[in-house]
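Reading the sequence shown from the start, the letters are residues 15 to 152 in this note's numbering. C-beta atoms are modelled at their ideal positions from N, C-alpha and C, and glycine is treated no differently. These numbers come from a predicted model, not from an experiment.
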Amino acid sequence: MNLSIIGIGRKADYMEHIDQQFLTGERALFRGKDLLITNTVFDDGESPLKHSENIVADGCLFRWKYPFWYSKNIEIKNSVLFEMARAGIWYTDNVVVRDTMIEAPKEFRKCNGVTLENVSIPNAAETFWNCNNVTLDK
Numbered sequence: 015m016n017l018s019i020i021g022i023g024r025k026a027d028y029m030e031h032i033d034q035q036f037l038t039g040e041r042a043l044f045r046g047k048d049l050l051i052t053n054t055v056f057d058d059g060e061s062p063l064k065h066s067e068n069i070v071a072d073g074c075l076f077r078w079k080y081p082f083w084y085s086k087n088i089e090i091k092n093s094v095l096f097e098m099a100r101a102g103i104w105y106t107d108n109v110v111v112r113d114t115m116i117e118a119p120k121e122f123r124k125c126n127g128v129t130l131e132n133v134s135i136p137n138a139a140e141t142f143w144n145c146n147n148v149t150l151d152k
């Protein structure tokens with residue numbers, strides 16, 4: 015089953031590739047658009063990808079709060095959202111998450127078009143509040 019929005023693991027010609035970076039500070043890639051982000055750590059600093067669009071994150075580690083707020087067309091694969099990445103995906107449309115560990119609570123809120131495939135959420139407290147069109151697979 016292919017639920018890809020952009021094509022995880024595939025870099026479209028128009029996408030900028032960010033690889034093996036260690037990003038810190040508030041809003042590290044604020045308003046990022048058309049990005050393929052691989053093997054990258056988002057350390058301290060809130061809202062690293064706030065207001066982002068057309069983002070593929072593959073093999074990334076999210077260690078701090080609010081990674082994807084007000085975003086569109088997001089794919090996350092082979093990644094970890096640690097406990098402090100709480101309230102991570104809010105007010106976001108069209109997000110696909112695969113083969114990922116979400117340790118953070120309150121992860122999805124007021125989102126539309128959420129697909130999770132082979133995702134573990136051991137602390138799902140207050141997750142999926144006011145979300146529409148949610149698909150959970152395994």
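- Comparing alpha carbon positions, the residue from E117, I69 and V133 closest to A101 is E117.
- In this structure, the CA atom of F76 is about 14 angstroms from the CA atom of I69.
- Within the same chain, Cβ atoms closer than 7 angstroms to the Cβ of L63 are found at L43, G46, I69, P81, F82 and S85, the five residues on either side in sequence being excluded.
- Excluding its 5 nearest sequence neighbours in each direction, G73 has C-beta neighbours in its own chain below 6 angstroms: T52, N53 and N92, listed in chain order.
- By the C-beta density criterion, L150 is exposed, having fewer than 16 other C-beta atoms within 10 angstroms.
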